[in-house]
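Protein chains in written order, with my numbering: chain A, 441 to 686; chain B, 149 to 502; chain C, 229 to 532.
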Amino acid sequence: MSKLGVFDISVRYGKVPAISDLTFHLEEGERVFISGPNGAGKSSFLNAICGKVPTSHGRIEMDGDLLTGRSPEAIARLGLSMVPEGREIFGSLTVEENLRVGTGIRQDAQAIETDIEEIFAAFPILGERRRAAAGALSGGQQQMLAIGRALMTNPKLMMVDEPSLGLAPKIVDQVYDTLAALQEERGLTLLIVEQSSLRAARVGGRMVLMRGGRIVGEGNAADMADRDALAQAYFGNSHPEPEAVA
Amino acid sequence: MSSQHAQHRLAAYSTPLILSAILLAFVAFVVILGDKALARTAAETLVRVTLVVGLWIFVGNSGVISFGHAGYMAIGAYCSAWLTLKPQSKALFLPDLPPWLMDAQWPVLPAAIASGLLAALVALLSGAAILRLSGIAASIATFAFLAIVNTVYSNWEGVTGATSSVVGLTRYVDHWVALAWAVAAIVAANLYANSASGLALRATREDEVAAKASGIDMYRHRLWSLVISAFFTGISGALLGHSIGVLNPDSFYLGITFISLAMLVVGGIGSLSGAVIGVLLLSLLIELLVRAERGITIGATQFALPSGSQEILIGVAMIFVLILRPAGLTGGREFKLRLTLPRIPLSQEPTSTN
Amino acid sequence: MTNFAQLFFDAASLGGLYAMAALGIALIFGVMNLVNFAHGEYIAFCVFALIVPSTDAVAVMLLGRAPALILVPLILALGAAIAIASEHAVFRHLRRADPVAMMISSFALGFVIRNALLAAYGGRPKAISLWPDLNTPVRIAGAEVPLLQLIVILTTLLVVAGLAALLKKTRLGLEMRAAAENFTMARLLGVKANVVITGAFALSGALAAAVALIMATQTGVADVRMGGQVMLVAFIATVIGGLGSLPGAVAAGFLIGAASVLLQAFLPLDARPFRDAFLYTLVIVCLLVRPQGLFVAASAKPRV
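Spelled out as structure tokens, the structure:
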């Protein structure tokens, strides 16, 4: 049984289809990148898994539990955590309060405190500003906080939507290094939306290419990056035709 | 394409025809029954149609909820009283009126039109300030406007009679007069909604930011729709006064604000048909419940609802409609005639399904 | 000097009342974007719970006979109960509806409660006597101040401080603040929507009950309409304060109370009956100057 099983789902906004008959599997401990042009349905895909948008068709399972039809909070309680696009941190709450919002689903009071200290150790700047309003943090710091906040629910599966958006390349590398280290340490399964195959290749993992609400290709991130580089060199096109990848 | 467009326009203009036909059928039904009390109820219902259609011209097109329209109603109602009451009774009840107004004794129709114009003028002035706001802030400002009108009219002893009622208005508004004004309001509402200004305004209702970006002057169109809206609302106030014969500032306060908005929302705020249907259905329901409260005799037994249950049941019915159909009974769609065989593309219809 | 002290106490106690009512409205708006017009009827409901249901002109105390130590928690619980019940019966089914439909249905709910009260108690205002001793004046700073005014001011401070502590220090408070800022994100972190919303309604209802107790003591009257007036001022206060901002609601409540007392004191005698017209004109001016709310950072965008 895979960690996450997505069977033939469709998502539509009114009459506009965002995802059509998509099937996808994610294994325990895996790291998968989702790539594709704007409007490919990447965010809708994550939003459907976490219960933010309803599916019109198909089912989604995590560890054999059916997620389809459950509320976002019920899905979070099953061990799925989300770092949404644009971070969506609670700007009026302090840094530490942001981290604590998601701990309501945990019983291990002791472990919560050690986890908070661990996150402050991983992102020292957050520790320094633990009592400051989160809205005052820089973009990169907010991204770290959003990741830390998602970790505080003690998830088994974590989804991260475009962590590199709007961040300087150096910060992006730092964010990815931390994600990889945390995954190692906690045995997390990671599903990440990332436009750039180069960046995905640097961290390593499986890469899935989406287009028009469907999965059109997949492969090893490093291979995909090579092909992308090749395609770019020959055709000036950063997104190769799906046939070439599959 | 252009002939399709013309057909589409034609279909849009069929809406007032259908709505007027419904109202005419309603009046004809009442006349045939020949029941005096029913005729009075019909007249009041049609005055409410004028009111709610007037309200819709602004709220339905702009998407801004107005709590202030009862204020325009009060302005219209009192204006008509000032113009039509006998000078003797004005000298008695409203001693502080200026002399020219004291001596005025206008025929009812020009007085009604003047009432609408005064309300429209006040709308122009108040709207110029209030409509700089949008969303909830604008709604609150319209409420503040209503409270100002109510405070002034409840305390301006020598001009409005304050809280003691103004009596003696000619009760000329029967079901035919009310029908004529209701039809006029419906036609005007339809013409406005299909005008360039109305279409632009409804675009802002769907997406304020995008409409602004495409160069629509939202403020000007909102103000324009408020002025037209206030004209008919003012007239509905005058009609209400001349149908019950008595004026009191509190008849134009929260009660009527609530009931008119409720009718609009229950019918469906997104369409003119919704405004009319909302009035008819809620008025019918109210009438039925009032009668049920008085007692219905079926065979040898008499049933009567306990007193006060009418209002409670109305409220409960409204809540049910809103839960089951949040976009109102019409769901924002208009009644239209399909005039020709080639199907008019659905996507071009100005519908709103939210 | 006497005059100013008097004015200060008048303004602070009236403002305190408005602030508490405004808090009740802002709490619910914050978590579910609902402008709850039934709030005034919660207040009226709690006032009438003090007396025996009957349409007689003379009021007979029911809950009002209980000693304060029992009465106060009982009425607060009753206020919370009716608010929670209305959420279950009505608003829960409208969570996906747009704010206008929700607002109108709260209007309808208020209409239902008001008419139920009218049917049970009759339309005439009734004289009631709840803690009449509290209206005896005490002398402070040269002003004759009814004891109740002091209690109102003190209660407001206690309520505001208590609410702040609750929001700041408790798990529910944290979840409510997070949900008020971004409901979906809070749910993605496992915050239960139903718990937060029920909590907000309970607090809001308890605040309405506190307002009811104060008004009943102060006016000595039970009237179906008494909640409506306060609710409207409170509603305006929440908008002026910045919708969804709790400190803003409190500040604007006090501000409107103060403005109202000052206008009453300093308007020329002829203009005094028109006080509310001036007050509401000020409201429109406030909105025009700061549509996003007086007490919200100017950069913040309006929430609706």
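Beta carbons: idealized from backbone N, C-alpha and C, even for Gly. Owing to the predicted nature of the structure, the values given are computational and were not obtained by experimental measurement.
Cβ separation of residue i and residue j, assumed to be a contact under 8 angstroms, to the nearest whole Å
i, j, result
"B/Thr381", "B/Gly224", "7 angstroms"
"C/Tyr246", "C/Gly433", "Actually they do not touch by this definition, with Cβ atoms about 18 angstroms apart."
"C/Pro374", "C/Pro365", "5 angstroms"
"B/Pro397", "B/Ser302", "4 angstroms"
"B/Val197", "B/Leu171", "7 angstroms"
"A/Met647", "A/Ala640", "5 angstroms"
"A/Leu507", "A/Asn538", "Contact flag wrong, Cβ pair sits at about 25 angstroms."
"B/Val297", "B/Ala222", "6 angstroms"
For residue i, the first and last residue of its enclosing alpha helix (DSSP H)
i, result
"B/His323", "323-341"
"A/Ala620", "609-626"
"B/Asn209", "184-210"
"A/Asp448", "Looking at the DSSP string, A/Asp448 is not in any alpha helix (DSSP H); the run it does join, the beta strand (DSSP E), is 444-453."
"A/Ile552", "549-562"
"C/Val318", "Taken as a continuous stretch (DSSP letters only), C/Val318 belongs to no alpha helix (DSSP H), as it is neither H nor E."
"C/Glu403", "399-409"
Residue i to residue j span [Cα, whole Å]
i, j, result
"B/Ser373", "B/Val335", "14 angstroms"
"A/Tyr674", "A/Gly657", "20 angstroms"
"B/Val414", "B/Pro474", "8 angstroms"
"B/Glu356", "C/Arg293", "55 angstroms"
"B/His369", "A/Gly652", "39 angstroms"
"A/Gly567", "A/Thr534", "11 angstroms"
"A/Glu470", "A/Ala514", "23 angstroms"
"B/Val424", "C/Asn261", "29 angstroms"
"B/Leu437", "B/Gly480", "27 angstroms"
"A/Val633", "B/Arg353", "34 angstroms"
"B/Ile213", "B/Trp204", "10 angstroms"
"B/Thr478", "A/Lys455", "20 angstroms"
"B/Leu433", "B/Thr189", "12 angstroms"
"A/Pro512", "A/Gly519", "11 angstroms"
"A/Ser484", "A/Gly606", "20 angstroms"
"C/Arg320", "A/Ala576", "35 angstroms"
"B/Gly422", "B/Glu482", "7 angstroms"
Chain C contact residues for residue i, given Cβ-Cβ distances below 7 angstroms
i, result
"A/Gly542", "Leu417, Gly418"
"A/Thr593", "Leu417, Gly418"
"B/Met221", "The contacting residues do not exist; B/Met221 stays about 18 angstroms from chain C at best."
"B/Thr299", "Phe502, Asp504, Ala505"
"B/Arg280", "Leu516"
DSSP state of residue i mapped onto helix, strand, coil
i, result
"A/Ile529", "coil"
"A/Arg570", "coil"
"C/Phe236", "helix"
"B/Gly123", "Outside the modelled stretch of chain B, which goes from 149 to 502, sits residue 123 of chain B, for which no answer is possible."
"C/Gln535", "There is simply no residue 535 of chain C to check, as chain C begins at 229 and stops at 532 in what is shown."
"B/His153", "helix"
"B/Phe451", "strand"
"C/Thr509", "helix"
"A/Asp668", "helix"
"A/Thr463", "strand"
"A/Met592", "coil"
Where the beta strand (DSSP E) through residue i begins and ends
i, result
"A/Ile497", "Position check: residue 497 of chain A holds His in this sequence, whereas Ile was assumed. 497-502 is the span of the beta strand (DSSP E), which, as asked, contains A/His497."
"C/Ala287", "No beta strand (DSSP E) contains C/Ala287, which DSSP labels as neither H nor E."
"B/Ile417", "Taken as a continuous stretch (DSSP letters only), B/Ile417 belongs to no beta strand (DSSP E), as it is neither H nor E."
"C/Ala371", "371-374"
"C/Pro365", "365-368"
"A/Phe473", "471-475"
Within chain B, the residues that residue i reaches when beta carbons sit closer than 9 angstroms
i, result
"C/Asn343", "Gly456, Ser457, Gln458, Glu459, Ile460, Ile462, Gly463"
Chain-ordered neighbours of residue i on chain A, where CB pairs are closer than 8 angstroms
i, result
"C/Met404", "Within chain A, no residue comes near C/Met404; the closest Cβ sits about 11 angstroms away, beyond 8 angstroms."
"C/Glu409", "Phe530, Gly531, Ser532, Leu533"
"C/Ala555", "Given that chain C is displayed from residue 229 to residue 532, the structure contains no residue 555 of chain C and the question cannot be resolved."
Proximal residues of chain B, C-beta to C-beta of residue i below 7 angstroms
i, result
"C/Pro501", "Asn303"
"C/Thr509", "Ile296"
"C/Pro519", "Leu281, Ala285"
Proximal chain C residues relative to residue i, where beta-carbon distance stays under 8 angstroms
i, result
"A/Lys492", "Thr412, Leu416"
"A/Ser511", "Arg415, Ala421"
Under 7 angstroms by beta carbon: chain A residues contacting residue i
i, result
"C/Arg323", "Those do not exist, as C/Arg323 stays about 11 angstroms from chain A at its closest Cβ, beyond 7 angstroms."
Chain B residues whose Cβ lies nearer than 8 angstroms to that of residue i
i, result
"C/Phe335", "Phe406, Leu409, Ala410"
Heavy atom of the ligand SAH within 6 angstroms of residue i beta-carbon
i, result
"B/Gly480", "Because no ligand of any kind appears in the structure shown, any question about the ligand SAH cannot be addressed here."
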